[in-house]
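>
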Amino acid sequence: MELDGALGAVGEFGRSQRRLAAFLVLLQVYVACQSMLIVLVGAVPQYHINQEEIPASRDELAKHTQFTDNFTSIVTEWYLIKQEAYKVSLVSSLFFAGLLIGNIAFGPLSDKLGRKPVYLSGLFFDVIFGYAAAFAPSYEIFAMSRFIVGIMNGGMSLVSFVLTQEYVGKSFWSFTGSLTNLTFAVGIAVYALLGYYIRQWRYLAFVSNCPGIFFFLLSLLLPESPRWLYSQGNTIEAERVLQYLALGNGKERLTIKLKPCAGTMKTDESAPNVLSLVKHPVLRWRTVILMYIWYVCSLVYYGLTLNAGELGGNLYLNVALYGLVEVPAFPLCMFFIEKPWFILQSNFISIVWKNDSQCCLQHSVYLYFRTLPDSIKKCWLGCLFNDL
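Numbering (my numbering), first residue to last: 1236 to 1623.
#1: When you compare the region 1450-1465 with the region 1396-1404, are there three or more beta-carbon pairs, one atom per stretch, that lie closer than 8 Å?
#2: What do you get for E1375, buried or exposed, if any count of 16 or more other CB atoms within 10 angstroms of its CB means buried?
#3: Please name the residue in G1404, P1343, G1547 and G1342 whose C-alpha comes closest to that of R1250.
#4: Count the other C-beta atoms from every protein chain shown that fall within 10 angstroms of the C-beta of K1309, then say buried if there are 16 or more, exposed otherwise.
#5: Take T1307 and list the residues in its own chain whose beta-carbon comes closer than 6 Å to its own, dropping the five residues that flank it on each side.
#6: Following the continuous beta strand (DSSP E) through T1300, name the residue where it begins and the one where it ends.
#7: Given that a residue counts as buried once 16 or more other Cβ atoms are within 10 Å of its Cβ, and exposed if not, what is N1484?
#8: Relative to the C-alpha of N1190, which residue among T1470, F1565 and L1539 is closest?
#9: Taking 8 Å as the cut-off, decide whether the C-beta atoms of A1340 and F1382 are in contact.
#10: Does the beta-carbon of T1300 have 16 or more other beta-carbons within 10 angstroms, so that it is buried, or is it exposed?
#11: Please report the Cβ distance between L1358 and G1430, rounded to the nearest whole angstrom; I am assuming they are in contact, meaning their Cβ atoms lie under 8 Å.
#12: Just confirm the distance between the C-beta atoms of E1247 and S1406, as a whole number of angstroms; I'd bet it's less than 8 Å.
#13: Given E1472, which residues of its chain have a CB within under 6 Å of its CB, disregarding the five upstream and five downstream residues?
#14: Where does Y1314 sit, in a helix, a strand or coil, going by DSSP?
#15: Exposed or buried, which one is S1395 when buried takes at least 16 other CB atoms within 10 Å?
#16: So M1387 packs on G1337, CB below 8 Å; how close in whole Å?
#17: Count the other CB atoms, across all protein chains shown, that sit within 10 Å of the CB of S1270; report buried if there are 16 or more and exposed otherwise.
#18: Taking the C-alpha atoms as reference points, what is the distance between N1285 and L1296?
#19: Considering only the alpha carbon of each residue, which of V1279, D1361, N1305 and P1343 lies closest to Y1321?
#20: Is V1245 near K1486, with beta carbons less than 8 Å apart?
#21: Ordered along the chain, which non-local residues of its own chain (more than five positions away) have a Cβ less than 6 Å from that of A1378?
#22: Would a C-beta distance cut-off of 8 Å place N1698 and A1371 closer than the cut-off?
#23: Going by DSSP, what residues sit across from F1515 in a beta bridge?
#24: In whole angstroms, what is the alpha-carbon distance linking I1572 and G1412?
#25: For the alpha helix (DSSP H) that contains I1339, what are its first and last residues?
#26: Does the beta-carbon distance from L1493 to A1481 come in below 8 Å?
In structure tokens:
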């Protein structure tokens, strides 16, 4: 039988898959804490400089500056105010530059080397450099550590998402995908809660990184993706993984025999690869459109989220609400994404594949649609991210 038929026999979303999916979905809480770290760790407290002229050196600035809020951050540690204030945004930019590199590099690596080893490597170094950032003796080391965390965090979370999808049957892809995004939003609120109780930035960075050790140790027990094994022609190992899933689903006597994967019989020249996206006109056009959509959604989503610290009111409540406001979007997506009559599906998925130009217009209009409150925009963005 083919892989999809075997998954149907094993159970597309049995007890085994539910345990594996729940574990990888909960990983998004850790991913969210690392992604949003700079919002609280780089928060600028109220301060007062006890002289009219701004001191030229940092040592002089430290002597004459008094911070009045009851939390610390890299701003208070290295006096990143006035002419040094840009360094906070620079750290954030370095993290997202790393995120870009990780997303580009880890996908092909996981296709070639396997999902599990690439995922484990990314998570391991994510944890290591997360601690390096928490104990950084200087701004430069902190900034470089966050850059590497961005690479590992972006790549590792991408591969973990793929693993989650490849453990389950196709009919549950929309559910597990929505659940992953929902947990990331909840993770933002969890990080805000940690920040509320842990006001010292080094302790906050340390505690936020600690769950990574737990996830790494348990990840050693994860099986390799049966879909990746099957695509590589390793049917024996794929059968073993499927048998493991069947046992966990209470199907001890199930015998699985897979047919050879047709894709493995192709030559290297004819096998699809990333260059196929630009070689074929239709794929090239759709790739450009999807890249534009991701750019617009990411720009506004992270712009709103990272700006939570600049709003008035309670800093921690703002950060938590910016995460929780997305939560209503995902149950709606879980329910409606499979409905062919639902307008969001026809307005997003069908437009992407059948009428790309209209989709560009839809997202362009969003950028200039400023009359809605930020919370409603954030909820809408949650829907768009989930549909992507």
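Where a beta carbon is used, it is the ideal one built from N, C-alpha and C, also for glycine.
Taking the geometry as given:
#1: yes
#2: exposed
#3: G1404
#4: In the sequence as presented, Lys is not what sits at residue 1309; that position holds Ile. That one is buried.
#5: Q1435 and W1436
#6: T1300 to F1302
#7: buried
#8: What is shown of the chain runs 1236 to 1623, which leaves residue 1190 out entirely.
#9: no
#10: buried
#11: Going by Cβ atoms, the distance from L1358 to G1430 rounds to 23 Å, so no, they are not a contact pair.
#12: 6 Å
#13: L1464
#14: coil
#15: buried
#16: 6 Å
#17: buried
#18: 9 Å
#19: V1279
#20: yes
#21: V1326 and L1329
#22: In the structure as shown, the chain starts at 1236 and stops at 1623, and residue 1698 therefore has no counterpart that could be examined.
#23: The question names Phe, but residue 1515 is His in the sequence shown. DSSP output for H1515 lists no bridge partner at all.
#24: 11 Å
#25: Y1321 to L1348
#26: no
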